[in-house]
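Please read the structure below before turning to the comments.
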Amino acid sequence: DTAVSQTPKYLVTQMGNDKSIKCEQNLGHDTMYWYKQDSKKFLKIMFSYNNKELIINETVPNRFSPKSPDKAHLNLHINSLELGDSAVYFCASSQDLGITEAFFGQGTRLTVV
Amino acid sequence: RKEVEQDPGPFNVPEGATVAFNCTYSNSASQSFFWYRQDCRKEPKLLMSVYSSGNEDGRFTAQLNRASQYISLLIRDSKLSDSATYLCVVNSYSGAGSYQLTFGKGTKLSVIP
């Protein structure tokens with residue numbers, strides 16, 4: 006039974022398209038995150054939400070818009086995709102905003118062509 | 026200066042060898058520390074937390090030196106299954122009652138038969 010699940014696992018799309026990645030956690034956690042891992046394998050936080058409320062919004066283009074309909078879901082919508090958006094996007098969750106372990110989804114490998 | 030720095034490797038070691046990874050962090054107010062493991066094309070998973078007193082989990086020993094802002098991971102009797110990228114992770118206060126995990130770029134380990 007997957008704790009943090011995200012879909013799709015692979016996404017290949019053309020420049021200029023709009024796409025969404027969905028994430029759900031069944032751990033009962035309050036906090037969810039989106040991370041981006043680029044081609045150099047560097048894992049960098051994009052957003053964090055706590056109980057559906059945006060907490061962290063790193064320097065991310067406003068083409069990226071997270072949406073949290075409830076605390077178990079955090080979706081990521083990307084408008085006008087660019088080549089540089091190609092990366093692996095990981096959703097994660099933690100019990101709360103404090104000093105706790107993060108559990109990651111399997112990742113979505115986005116390729117923009 | 027990068028927030029969390031690691032030697033990227035790769036470390037190529039024979040089975041049974043002992044290998045040590047080092048990590049330094051720049052934020053002296055960091056609260057907690059972890060080692061995560063990431064297998065190729067997989068999500069990061071917590072390997073172990075790191076405590077000031079040092080802690081051991083089987084063949085793995087983690088150490089923290091707050092004064093030097095230095096974290097280490099020692100793997101004894103390396104197994105083929107230890108081949109992965111090891112991520113040094115620091116949790117620091119980021120305001121608004123929340124903490125943020127900052128990842129190092131990871132150290133790649135290959136254990137050779």
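First to last, the protein sequences are chains G and Y. This note's numbering applies: residue 6 is where the first sequence begins, and numbers increase by one. This note's numbering applies: residue 26 is where the second sequence begins, and numbers increase by one. Cβ coordinates follow ideal geometry from the N, Cα and C atoms, glycine included.
Under 8 Å between C-beta atoms, does Ile26 of chain G make it to chain Y?
On the first sequence, position 21 is the one that residue 26 of chain G refers to. No - not a single Cβ of chain Y is within 8 Å of the one on Ile26 of chain G.
If Ala92 of chain Y and Asp64 of chain Y are in contact, beta carbons under 8 Å, what's the gap, nearest whole angstrom?
Taking the first residue of the second sequence as position 1, residue 92 of chain Y is located at position 67. Taking the first residue of the second sequence as position 1, residue 64 of chain Y is located at position 39. For a cut-off of 8 Å, the C-beta gap from Ala92 of chain Y to Asp64 of chain Y is around 33 Å, too long to register as a contact.
Taking the alpha-carbon of Val75 of chain Y as reference, which of Y:Gly120, Y:Val38, Y:Gly41 and Y:Asn116 has the nearest alpha-carbon?
Translated into the one-based positions of the second sequence, residue 75 of chain Y becomes position 50. The shortest C-alpha separation from Val75 of chain Y is found at Y:Asn116.
Hey, quick one: how far does the beta strand (DSSP E) through Leu98 of chain Y stretch, first residue to last?
Within the second sequence, the letter at position 73 stands for residue 98 of chain Y. Unbroken beta strand (DSSP E) run through Leu98 of chain Y: Tyr95 to Ile100.
Under 7 Å Cβ to Cβ from Met51 of chain G, same chain only, skipping five residues before and after it: list those, please.
Mapped onto the first sequence, residue 51 of chain G falls at position 46. Sequence-distant Cβ neighbours of Met51 of chain G in its own chain, meaning closer than 7 Å and more than five residues away, are Trp39, Tyr40, Lys41, Glu63, Val65 and Phe69.
Have a look at G:Asn22, G:Leu81, G:Tyr15 and G:Asn55 and flag the residue whose alpha-carbon is nearest the alpha-carbon of Cys28 of chain G.
In the first sequence, counting from the first residue as 1, residue 28 of chain G sits at position 23. Of the listed residues, the one whose Cα sits closest to Cys28 of chain G is G:Leu81.
Rounded to a whole number of angstroms, what is the C-alpha to C-alpha distance between Glu81 of chain Y and Ala87 of chain Y?
The residue labelled residue 81 of chain Y in the question sits at position 56 within the second sequence. The residue labelled residue 87 of chain Y in the question sits at position 62 within the second sequence. Taking the straight line joining both Cα atoms gives about 6 Å.
Among G:Ser98, G:Tyr94, G:Asp101 and G:Gly103, whose alpha-carbon lies nearest the alpha-carbon of Arg114 of chain G?
Against the first sequence, residue 114 of chain G aligns to sequence position 109. It is G:Tyr94 whose Cα lies nearest to the Cα of Arg114 of chain G.
Along the beta strand (DSSP E) that carries Thr86 of chain Y, what are the first and last residues, could you check?
By 1-based counting over the second sequence, the position of residue 86 of chain Y is 61. In the DSSP annotation of this structure, the continuous segment of the beta strand (DSSP E) that includes Thr86 of chain Y starts and ends at Phe85 to Asn90.
Residues of chain Y with a CB under 8 Å from the CB of Asn55 of chain G: which are they?
Position 50 of the first sequence, counted from the start, is the residue given in the question as residue 55 of chain G. Simply Ser123.
Could you please give me the residues that DSSP links to Ala45 of chain Y through a beta bridge?
Stepping through the second sequence from its first residue, residue 45 of chain Y is reached at position 20. Looking at the DSSP output, Ala45 of chain Y shares a beta bridge with Y:Leu99.
Express the C-alpha separation of Arg62 of chain Y and Leu71 of chain Y in angstroms, rounding to a whole number.
In the second sequence, the residue the question calls residue 71 of chain Y occupies position 46. In the second sequence, the residue the question calls residue 62 of chain Y occupies position 37. Using only the alpha carbons, I get a separation of about 6 Å.
Would you give the residue range spanned by the beta strand (DSSP E) that Glu87 of chain G belongs to?
Locating residue 87 of chain G in the first sequence gives position 82, counting from the first residue. Careful: Glu87 of chain G lies outside any beta strand (DSSP E) and carries neither H nor E.
Sort G:Thr105, G:Ala92 and G:Ala107 by Cα distance to Lys14 of chain G and report the nearest one.
The residue labelled residue 14 of chain G in the question sits at position 9 within the first sequence. When G:Thr105, G:Ala92 and G:Ala107 are compared, the shortest CA-CA separation from Lys14 of chain G is found for G:Ala92.
Does the Cβ of Ser25 of chain G have 16 or more other Cβ atoms within 10 Å, making it buried, or fewer, making it exposed?
For this step, residue 25 of chain G is matched to residue 20 along the first sequence. Flag for Ser25 of chain G reads exposed.
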